[in-house]
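What follows is a short report on a single structure.
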Amino acid sequence: MTEQKYGGESIFEHSSSEILFEELPLETKQWAESLPWEQRRHLLLLCHLICVSPPEVQAEFLDNYTADGLVSRKLQDTDTQYRVQKYLEKFAVKTDLNELVLRGYIKQFYIHSAQDLRNQPELYFKVVFRLVISTEEQNNILNYILGFELLKLMFQMSWLQHERLYQIQKNQEEFIKLYIKPIQLAHKINGLIVPESKKDFFSKRDFFVKKPLLNPRKLIALVMATFTTNIVIDLGFSIIRDPNFLVFDYEYIFHPEPEGIFPD
-19 MTEQKYGGES
-9 IFEHSSSEIL
1 FEELPLETKQ
11 WAESLPWEQR
21 RHLLLLCHLI
31 CVSPPEVQAE
41 FLDNYTADGL
51 VSRKLQDTDT
61 QYRVQKYLEK
71 FAVKTDLNEL
81 VLRGYIKQFY
91 IHSAQDLRNQ
101 PELYFKVVFR
111 LVISTEEQNN
121 ILNYILGFEL
131 LKLMFQMSWL
141 QHERLYQIQK
151 NQEEFIKLYI
161 KPIQLAHKIN
171 GLIVPESKKD
181 FFSKRDFFVK
191 KPLLNPRKLI
201 ALVMATFTTN
211 IVIDLGFSII
221 RDPNFLVFDY
231 EYIFHPEPEG
241 IFPD
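Residue numbers (this note's numbering): -19 to 244.
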């Protein structure tokens, strides 16, 4: 730290290295300062290679370098993992939270988060860094998985099934606004379900009971494009916090025959 005087006043200025080290967690700072010269050279070389690499190379490297450790930590969180798995079974989602699924979701979380940041590739590293050092961010992985799997389920429903789902919710208006309307808009924009001839009952019935056909890759892309990571995480977190947050009656929602009068 250097001291400079202007008009009788002392202004303390931190050197660039001090400012950089202040951004680090204490344990990381102590570790970096304790490294002998030979190991510092290796660290600097690694930092240099990451900085000069194209964004897509950085992303691939960071995925490979961090995913194993994060997967291991999530596998150790058996209580939360067990609860999420039970909720998935409750909602008739057949995804098994094994190592392969967790690893895939961690990479997807990186990409989805960076996508929320207006597709700026240089921010990808910041997303990964935040996830690696923040316990709160790591806990959000399982919330994200639960929320994303449920949104995938809703994306594959017919509009009649959407109607049945929101009719049994405690807060129908908020549920429609947050989840149903964005999904149905995505259905229309992508030509999956196109409302036509609304005055004709049978034509109306036809599109209302139609289920969108989506391959797994397209389904994931649509959910990521329609909902931010925060909305996905909040959905998963709300369900874990309150088991009654999402009312779900499989037999009623997926009953094959239309019932009642279709709304205008």
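A virtual CB, placed ideally from N, CA and C, is assigned to each residue, including glycine. Keep in mind the model is a prediction, meaning the values are calculated, not measured.
Closer than 8 Å is the cut-off here; do at least three beta carbon pairs connect the stretch 59 to 73 with the stretch 107 to 126? yes
Spatial neighbours of His50 within its chain, please: C-beta separation below 6 Å, excluding the five flanking residues on both sides. By one-based count along the sequence shown, residue 50 stands at place 70. The amino acid at residue 50 is misidentified as His; the sequence shows Leu. Contacts found: Ile86.
Tell me whether Gln253 sits in a helix, a strand or coil according to DSSP, three-state version. Coverage of the chain is limited to positions -19 through 244, which leaves residue 253 absent and any answer about it impossible.
Could you name the residues of the same chain whose beta carbon sits closer than 7 Å to that of Trp11, not counting the 5 residues immediately before and after it, in chain order? Translated into the one-based positions of the sequence shown, residue 11 becomes position 31. Answer for Trp11: no residue qualifies.
If you draw a straight line from the alpha carbon of Leu226 to that of Phe135, how long is it in whole angstroms? The residue you call residue 226 lines up with position 246 of the sequence shown. The residue you call residue 135 lines up with position 155 of the sequence shown. Straight-line Cα distance between these residues: approximately 16 Å.
In this structure, how does DSSP classify Ile241 when only helix, strand and coil are distinguished? As a first step, residue 241 must be located in the sequence shown, where it is residue number 261. Here the model assigns Ile241 a pLDDT of 47, short of 50, so the residue's position is not dependable, and the following value carries that caveat. Of the three classes helix, strand and coil, the one that applies to Ile241 here is coil, per DSSP.
Do Thr208 and Asp96 come within 9 Å of each other at the CB atom, strictly closer than that value? The residue given as residue 96 occupies position 116 in the sequence shown. The residue given as residue 208 occupies position 228 in the sequence shown. Contact flag set, yes.
Classify Gly171 as helix, strand or coil using the three-state DSSP reduction. Mapped onto the sequence shown, residue 171 falls at position 191. DSSP places Gly171 in coil when its eight states are reduced to three.
Touch check for the stretch 147 to 156 and the stretch 193 to 200: three-plus C-beta pairs under 8 Å? no
At the level of alpha carbons, what is the spacing between Asp43 and Gly84? In the sequence shown, the residue the question calls residue 43 occupies position 63. In the sequence shown, the residue the question calls residue 84 occupies position 104. The C-alpha of Gly84 is placed about 10 Å away from the C-alpha of Asp43.
For Pro162, count neighbouring Cβ atoms within 10 angstroms of its own Cβ and tell me buried if that reaches 16, exposed if not. For the purposes of this step, residue 162 is taken as residue 182 along the sequence shown, with counting starting at 1. When all chains shown are included, Pro162 counts as buried.
Leu215 and Leu122 - do their beta-carbons sit closer together than 9 Å? Translated into the one-based positions of the sequence shown, residue 122 becomes position 142. Translated into the one-based positions of the sequence shown, residue 215 becomes position 235. Going by C-beta atoms, Leu122 is not nearer than 9 Å to Leu215.
Taking the alpha-carbon positions, what's the Lys150 to Arg221 distance? Residue 150 sits at position 170 when you count from the first residue of the sequence shown. Residue 221 sits at position 241 when you count from the first residue of the sequence shown. About 16 Å.
Suppose you measure from the CA of Thr75 to the CA of Val37; what does that come to, to the nearest Å? Sequence index remark: in the sequence shown, residue 75 carries index 95 (1-based). Sequence index remark: in the sequence shown, residue 37 carries index 57 (1-based). Rounded to the nearest angstrom, the two C-alpha atoms are 30 Å apart.
Tell me the residue span of the alpha helix (DSSP H) that contains Asp214. Stepping through the sequence shown from its first residue, residue 214 is reached at position 234. That run of the alpha helix (DSSP H) goes Thr209 to Arg221.
Alpha carbon to alpha carbon, what distance is there between Tyr90 and Glu(-11)? Mapped onto the sequence shown, residue -11 falls at position 9. Mapped onto the sequence shown, residue 90 falls at position 110. Note on Glu(-11): pLDDT 43, under 50, position unreliable in the model; no value is reported.
Are there 16 or more other CB atoms within 10 angstroms of the CB of Asn78, so buried, or fewer, so exposed? Residue 78 sits at position 98 when you count from the first residue of the sequence shown. Its Cβ having fewer than 16 others within 10 Å, Asn78 is exposed.
Going by beta carbon distance, what residues of the same chain come within less than 6 Å of Ala72, once the five residues before and after it are set aside? Within the sequence shown, numbered from 1, the residue matching residue 72 stands at position 92. So the list reads Tyr230, once near-sequence residues are dropped.
Along the chain, where does the alpha helix (DSSP H) containing Asp229 start, and where does it finish? What you label residue 229 is simply residue 249 of the sequence shown in a count that begins at 1. In the DSSP assignment, Asp229 falls outside any alpha helix (DSSP H), carrying neither H nor E.
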